[in-house]
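Numbering (our numbering), first residue to last: 235 to 625. Scroll down for the structure; my scribbles are underneath it.
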């Protein structure tokens, strides 16, 4: 349930004085006690989604105290999407105007920003939520003017990865509930956090759940595109869940977001339908099978997809990608899989998993480089104290 939305607005009336001071409640607020009570009657596990560093409300607080700053305009930074032609009242060309992204960002290096978001999480846990899920736990990535973004709260020696690790370290010490984080799908496939700050191996030490957005529409359209082409969605989730678990050293639950929405890219135009969504689900289920969540921003989901889809719900069935020999990543990690009964012999399991060991090694093949890193490598992180005080 969204409890702090994409604009930084709270969807509940807070009790905390800090939240009353810095927060703003949306007109779409809910009666928190009533909602929690109703769900608890049915035994529903409640997850509170908190959008962290994309926060219009906090970015405007106290004259932009926490905002990512624009070094050129000396004002809060907003990403530029591009230029747009402008016409006059007669329809004649009248020049161009700058078009901005509908996003405002706060500084991920700020301890006070960390404190504010963790305070939200603590209150929601105390009022009945079972798990906290941090979304937009990253640096801004969109805008032709990214080079003008300045992070005024950054301590000397800190990099993007250390900002996020510092925040999660603080959250871990203060939140008495499971913590989940949403990450880019590409960061679940590859250890590449320099642009966003999302280094899965580093962050996995402080969280319980990682939710990669393995949306097939967001990958290059030729990524894993080979016959049978309609199986691409299945492959991305099947192998992606495994790779994310390995990079996270098998110390977190990988619970991907399922793309339950259409985007006008080549593969979606040809294949997106109910079976597309089902293939994503089966990709998770046939791999590590640690859960999944649907995402559709408008709430337009396929109503006839059951909570636990069975093989007979998809047609035509994807025989080549989902035969027994393909269902082996879970065995190589020693994770119990629902198909264990189909492979009773442990030696057979090991034999089936043997081919996957090379993937494990390839993901972690630079381990020695990080263990013996110099001060210039990503492994040498300046992590701020649990709370470093105010500026």
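Heads up, the beta-carbon is just placed ideally off N, CA and C, and yes, glycines get one too.
- In terms of Cβ geometry, residue 409 and residue 355 form a close pair [threshold 8 Å].
- Taking C-beta separations shorter than 8 Å and ignoring five residues to either side along the sequence, the partners of residue 486 in its chain run 438, 441, 442, 443, 444 and 479, following chain order.
- Take the alpha-carbon of residue 542 and the one of residue 519: they are about 9 Å apart.
- Residues of the same chain with a CB within less than 7 Å of the CB of residue 240, apart from the 5 flanking positions on each side, are 285 and 288 in chain order.
- Closest by C-alpha distance to residue 345, out of 378, 299 and 382, is 299.
- Taking the Cβ atoms as the reference, residue 526 lies roughly 12 Å from residue 539, outside the contact range of under 8 Å.
- For the segment 346-432, the continuous beta strand (DSSP E) assignments of 3+ residues that do not extend past its boundaries occur at 365-369 and 413-418, in sequence order.
- Boundaries of the alpha helix (DSSP H) harbouring residue 479: 466-481, taken from the DSSP string.
- Residue pairing by DSSP places residue 304 opposite 309 and 383 in a beta bridge.
- In the three-state reduction of the DSSP assignment, residue 243 falls in the coil class.
- Using a 10 angstroms sphere on the CB of residue 463, the tally of other CB atoms stays under 16, which defines it as exposed.
- Here residue 316 really is in contact with residue 378; their C-beta atoms are around 7 Å apart, less than 8 Å.
- Secondary-structure assignment with DSSP links residue 321 through a beta bridge to 327.
- Under the three-state reduction of DSSP output, residue 505 falls in the helix class.
- The alpha-carbon separation between residue 250 and residue 347 amounts to approximately 15 Å.
- With distances taken between CA atoms, residue 447 lies nearest to 488 out of 290, 256 and 488.
- Contact between the segment 332-342 and the segment 301-319 is established, with three or more Cβ pairs separated by less than 8 Å.
- Cβ atoms of residue 278 and residue 340 stay farther apart than 8 Å, at about 31 Å.
- Contact between residue 242 and residue 280 does not hold, since their C-beta atoms are separated by about 21 Å, which reaches or exceeds 8 Å.
- Residue range 266-275 is occupied by the alpha helix (DSSP H) that includes residue 269.
- Buried is the label assigned to residue 392, since at least 16 other Cβ atoms lie within 10 Å of its Cβ.
- The straight-line gap separating the alpha-carbon atoms of residue 470 and residue 296 is approximately 44 Å.
- Excluding the 5 residues flanking it on each side, residue 495 has same chain C-beta neighbours closer than 6 Å at 530, in chain order.
- Under DSSP, residue 316 takes part in a beta bridge, and its partners are 333.
- Residue pairing from DSSP places residue 527 in a beta bridge opposite 491.
- Counting C-beta pairs closer than 8 Å gives fewer than three between the segment 257-269 and the segment 304-311, which falls short of the contact rule.
- Annotation: residue 352 to residue 459 spans about 41 Å, alpha carbon to alpha carbon.
- Judged by DSSP in its simplified three-state form, residue 545 adopts helix.
- Following the DSSP letters along the chain, one finds residue 290 inside the alpha helix (DSSP H) bounded by residues 290-293.
- Judged by DSSP secondary structure, residue 238 falls within the beta strand (DSSP E) whose first and last residues are 236-238.
- Secondary structure at residue 511: helix, using DSSP grouped into helix, strand and coil.
- With respect to the 8 Å criterion, residue 416 and residue 481 are not classified as neighbours on the basis of their beta carbons.
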